[in-house]
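S.K.:
In the numbering used here, the protein residues as written are 291 to 987.
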């Protein structure tokens, strides 16, 4: 554990330990220093103690300058033997110091930072952290530096593992470290377990990786007490202690989130009852008979789960996950049939007008022969039972399904007998939007059932946080009779051969998608659909092309999609607006230019637009692959078609933001929790909270 604190660093006698006190309660923090700390969002003593180090330096043994390796980060200690500024004709200048540790000399250089000249003098004892970018001479550009001062807090900064913090102008690492050290000594006694009612003594956790990606240890260890974790966060005896400290503080964050999620679920179950929607099969039997094919085993399993929910005491709250093409829409239709048989209406919300139109078309094809009316309700098209052109209930049933976009949650839409809400592509909506639509169907203590669907597979960790209040069903089986999809990664210089291949497929009677990341041209090298459209039409003439992007009026988008479905348009040139809701079995080619601009989940969604018929299909990803991350992402796409494998890879490569849509997800900004590597912590936190709240696992 940390070395003893020097006497001079202890607080004044009689100071009251409290974590919500202003940071000025820490010795050495005046108004000017408090203003500097405020730029780091540090207002209170507790904020200071939770200011997380971004890395650690092991200052028990420094690297000799002579042994430094090019490109490898290292910390050295030495004396400054020379300083100076080089100025160039271009107007640029570089301030440089030369550090000598007795084994060799190290040149440290900072470009165009005039204030650096005031920070160093010959004879200073300094620590330097960085990477060599040359060996002759040994040179580091813009390394981190810290002076070594002979004072009574020397043991805080040397001969130990020390924290390196996010900092700001006027706050050196030495100052931040000293303030944190003093705050720990004065206020550590005020650090309490936020949930002493939970039984955490038996919890054992395996370690995560350290900052260098190396496994620190293998055995599971008990959770650190929170006060000990705060100390070890800042001044660990070993790097393994810092990892255990982060785990404990991340665990506390996940506990808080799970209390919110699970309490919401518990309150919901205690206050509301669900409509009895198990149905009587009078519509289900003719519906299934008219399909002309059998449901998959996975679809039948999920429908049994839904029917059980429909017969329960509380409204169903279920997330349906399934890879692209797994038949989620058909499961939703069957759930709607059960609801309609029971005398209740159904509302279906989709994120785009294109997807809403597709769903409406499918439901009309399936339901109108059964006497069930289907309405459309979007920003540009609204219908009710008096609009015979858009809402066509058959004789006498009075049963209806309304399919729409965000417009369903606005004031104009209402339903007095809403029994089921279905939300497609749930990740495009926020929790508040979901609940706003559900509330439209509440009557006294009776609430509609909720089925949310996503074809974007959700990594387990995100599922437990984003959708922790929902039960989860999984469609893990694809319908039979589908052709294979092959994925190819190509560089832009291969485009002439790609166009030749696409032309050959069009001549066989197939259709193609060509996707670009932008609508309009910009200053970078990313292609835009409005610019490339005419080029493609000339390249693939006489085959007709159509243009589709989100800025086109709704009626124009619908006309283009209808022509593509009917085969009049052979090449659909579009943005990612087609990633959901487009189902054309004859389309066998998906060409995506500037593919490096898309995440794995989005690429997988786009690829899912093909392979929906009996013919083999080809997804061609054209990209520069300038970065290692882009190369790795495209290699993963080429080697697997499993959406859940891709989702986990995307989470690791890009973090949770792309998958969660953080502004809508309701997820907090975790200070210590990491949704990429903390699946174990999330699962344990959920189990602990649910057990405490006496929820069924």
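Just so it is clear, CB atoms sit at the ideal spot from N, CA and C, and this is done for glycine as well.
What's the call for residue 983, buried or exposed, on a 16-neighbour Cβ count within 10 Å?
M.R.: Walking along the chain shown from the start, residue 983 turns up at place 693. Exposed, by the Cβ-count rule.
S.K.: With 16 other CB atoms within 10 Å as the buried threshold, where does residue 670 fall?
M.R.: For this step, residue 670 is matched to residue 380 along the chain shown. Answer is exposed; the Cβ neighbour count stays below 16.
S.K.: Alpha carbon to alpha carbon, how far is residue 500 from residue 966?
M.R.: In the chain shown, the residue the question calls residue 500 occupies position 210. In the chain shown, the residue the question calls residue 966 occupies position 676. Because residue 500 carries a pLDDT of 47, less than 50, the predicted location of this residue cannot be relied on, and the following value inherits that uncertainty. Each residue's Cα considered, the two are about 14 Å apart.
S.K.: According to DSSP, simplified to helix, strand and coil, what is residue 959?
M.R.: Locating residue 959 in the chain shown gives position 669, counting from the first residue. The answer is coil: DSSP assigns residue 959 none of H, G, I, E or B.
S.K.: Which word fits residue 425, buried or exposed, when buried means at least 16 other C-beta atoms lie within 10 angstroms of its C-beta?
M.R.: Residue 425 sits at position 135 when you count from the first residue of the chain shown. Its Cβ having fewer than 16 others within 10 Å, residue 425 is exposed.
S.K.: Since residue 372 sits in a beta bridge, which residues does DSSP pair it with?
M.R.: Counting from one through the chain shown, the residue named residue 372 turns up at place 82. Residue 372 pairs with 388.
S.K.: Could you tell me whether the Cβ atoms of residue 838 and residue 882 are closer together than 8 Å?
M.R.: Translated into the one-based positions of the chain shown, residue 838 becomes position 548. Translated into the one-based positions of the chain shown, residue 882 becomes position 592. Contact flag unset, no.
S.K.: Under the assumption that residue 870 contacts residue 620 (Cβ atoms under 8 Å), give the Cβ distance between them as a whole number of angstroms.
M.R.: Taking the first residue of the chain shown as position 1, residue 870 is located at position 580. Taking the first residue of the chain shown as position 1, residue 620 is located at position 330. Rounded, the Cβ-Cβ distance is 16 Å, inconsistent with contact.
S.K.: Identify which residue in 625, 537, 551, 548 has its Cα closest to the Cα of residue 571.
M.R.: Counted from its first residue, the chain shown places residue 571 at position 281. For the residues 625, 537, 551, 548, the minimum Cα distance to residue 571 belongs to 625.
S.K.: On a CA-only basis, which of 968, 833, 802 is nearest residue 905? Give me that one, please.
M.R.: One-based indexing of the chain shown puts residue 905 at position 615. The option with the nearest alpha carbon to residue 905 is 802.
S.K.: Exposed or buried, which one is residue 940 when buried takes at least 16 other CB atoms within 10 Å?
M.R.: On the chain shown, position 650 is the one that residue 940 refers to. By the neighbour-count rule (16 or more Cβ atoms within 10 Å), residue 940 is buried.
S.K.: So, do the segment 726-740 and the segment 886-896 have three or more beta carbon pairs nearer to each other than 8 Å?
M.R.: No, because fewer than three Cβ pairs between the segment 726-740 and the segment 886-896 fall closer than 8 Å, the two stretches do not touch.
S.K.: Three-state secondary structure (DSSP) at residue 365?
M.R.: As a first step, residue 365 is located in the chain shown; it is residue number 75 there, counting from the start. Of the three classes helix, strand and coil, the one that applies to residue 365 here is strand, per DSSP.
S.K.: Buried or exposed for residue 561, going by 16 or more other Cβ atoms inside 10 Å?
M.R.: For the purposes of this step, residue 561 is taken as residue 271 along the chain shown, with counting starting at 1. Residue 561 comes out exposed.
S.K.: Once DSSP output is grouped into helix, strand and coil, what is the label at residue 477?
M.R.: Working through the chain shown from its first residue, we reach residue 477 at position 187. DSSP places residue 477 in helix when its eight states are reduced to three.
S.K.: Quick test of the definition: if touching needs 3 or more C-beta pairs under 8 Å, does the segment 758-776 touch the segment 793-811?
M.R.: No contact exists between the segment 758-776 and the segment 793-811.
S.K.: In three-state DSSP terms, what is residue 419?
M.R.: Working through the chain shown from its first residue, we reach residue 419 at position 129. Note: residue 419 maps to strand in three-state DSSP.
S.K.: Might you give, ordered along the chain, the residues of its own chain that have their beta carbon closer than 6 Å to the beta carbon of residue 451, omitting 5 neighbours on each side?
M.R.: In the chain shown, counting from the first residue as 1, residue 451 sits at position 161. The residues are 346, 348, 526.
S.K.: Quick one: give me the first and last residue of the alpha helix (DSSP H) that residue 599 is part of.
M.R.: Here residue 599 refers to the residue found at position 309 of the chain shown. Where residue 599 is concerned, the enclosing alpha helix (DSSP H) stretches over 587-600.
S.K.: Enumerated in chain order, which unbroken segments of the alpha helix (DSSP H) with a length of 4 residues or greater are wholly contained in the segment 714-796?
M.R.: Counting only runs of 4 or more, we get 721-729, 750-756.
S.K.: Return the bridge partner residues of residue 246 from the DSSP annotation.
M.R.: The shown model of the chain, from 291 to 987, leaves out residue 246, and the question about it has no answer.
S.K.: What residues in its chain sit with their C-beta under 8 Å from that of residue 975, if we drop five residues either side in the sequence?
M.R.: In the chain shown, the residue the question calls residue 975 occupies position 685. Counting only Cβ-Cβ distances below 8 Å, and skipping sequence neighbours, we find 541, 544, 545, 547, 548.
S.K.: Are the segment 422-439 and the segment 510-518 in contact at 8 Å, needing three or more beta carbon pairs?
M.R.: Touching, no.
S.K.: Given this structure, state the Cα-to-Cα distance separating residue 559 from residue 308, to the nearest angstrom.
M.R.: What you label residue 559 is simply residue 269 of the chain shown in a count that begins at 1. What you label residue 308 is simply residue 18 of the chain shown in a count that begins at 1. Rounded to the nearest angstrom, the two C-alpha atoms are 38 Å apart.
S.K.: What are the complete alpha helix (DSSP H) segments, minimum 4 residues, inside the segment 783-871?
M.R.: Qualifying alpha helix (DSSP H) stretches, in chain order: 785-797, 819-829, 844-855.
S.K.: Beta-carbon separation of residue 641 and residue 715 under 8 Å?
M.R.: Position 351 of the chain shown, counted from the first residue, corresponds to residue 641. Position 425 of the chain shown, counted from the first residue, corresponds to residue 715. A contact, by the Cβ cut-off of 8 Å.
S.K.: For the segment 485-500 against the segment 380-388, are there 3 or more C-beta pairs whose distance is under 8 Å?
M.R.: Because the criterion of three Cβ pairs below 8 Å is not met, the segment 485-500 and the segment 380-388 do not touch.
S.K.: Excluding sequence positions up to five away, which residues of its chain have a Cβ less than 6 Å from the Cβ of residue 609?
M.R.: Within the chain shown, numbered from 1, the residue matching residue 609 stands at position 319. 742, 757, 760, 762, listed in sequence order.
S.K.: Could you compute how far the alpha carbon of residue 968 sits from the alpha carbon of residue 751?
M.R.: Here the question's residue 968 lines up with position 678 in the chain shown. Here the question's residue 751 lines up with position 461 in the chain shown. Roughly 7 Å between the two C-alpha positions.
S.K.: Quick one: grab the DSSP three-state call for residue 639.
M.R.: Residue mapping note: residue 639 aligns to position 349 of the chain shown, counting from 1. Strand.
S.K.: Indicate whether the contact test is met: 3 or more Cβ pairs, each with one atom in the segment 654-672 and one in the segment 720-736, closer than 8 Å.
M.R.: They do not touch, by the three-pair rule.
S.K.: Which value, in whole angstroms, describes the spacing of the CA atoms of residue 713 and residue 820?
M.R.: As a working mapping, residue 713 is identified with position 423 in the chain shown. As a working mapping, residue 820 is identified with position 530 in the chain shown. Cα to Cα, the separation comes out at about 31 Å.
S.K.: If I measure Cβ to Cβ from residue 876 and keep anything under 7 Å in the same chain, skipping five residues before and after, which residues do I get?
M.R.: As a first step, residue 876 is located in the chain shown; it is residue number 586 there, counting from the start. Cβ neighbours of residue 876 beyond the five flanking positions: 800, 801, 857, 903.
S.K.: Give me the DSSP bridge partner(s) of residue 909.
M.R.: For the purposes of this step, residue 909 is taken as the residue at position 619 of the chain shown. 777, 880, per the DSSP bridge assignment.
S.K.: State the DSSP-derived secondary structure class of residue 564, mapped to helix, strand or coil.
M.R.: Counted from its first residue, the chain shown places residue 564 at position 274. In this structure, residue 564 counts as strand in the three-state DSSP scheme.
S.K.: Leaving aside the five residues before and after residue 682 along the sequence, list all residues of the same chain whose C-beta is less than 7 Å from its C-beta, in chain order.
M.R.: In the chain shown, the residue the question calls residue 682 occupies position 392. Residue placement at residue 682 cannot be trusted, given a pLDDT of 39 that sits under 50; what the coordinates show is reported in the next sentence. So the list reads 658, 663, once near-sequence residues are dropped.
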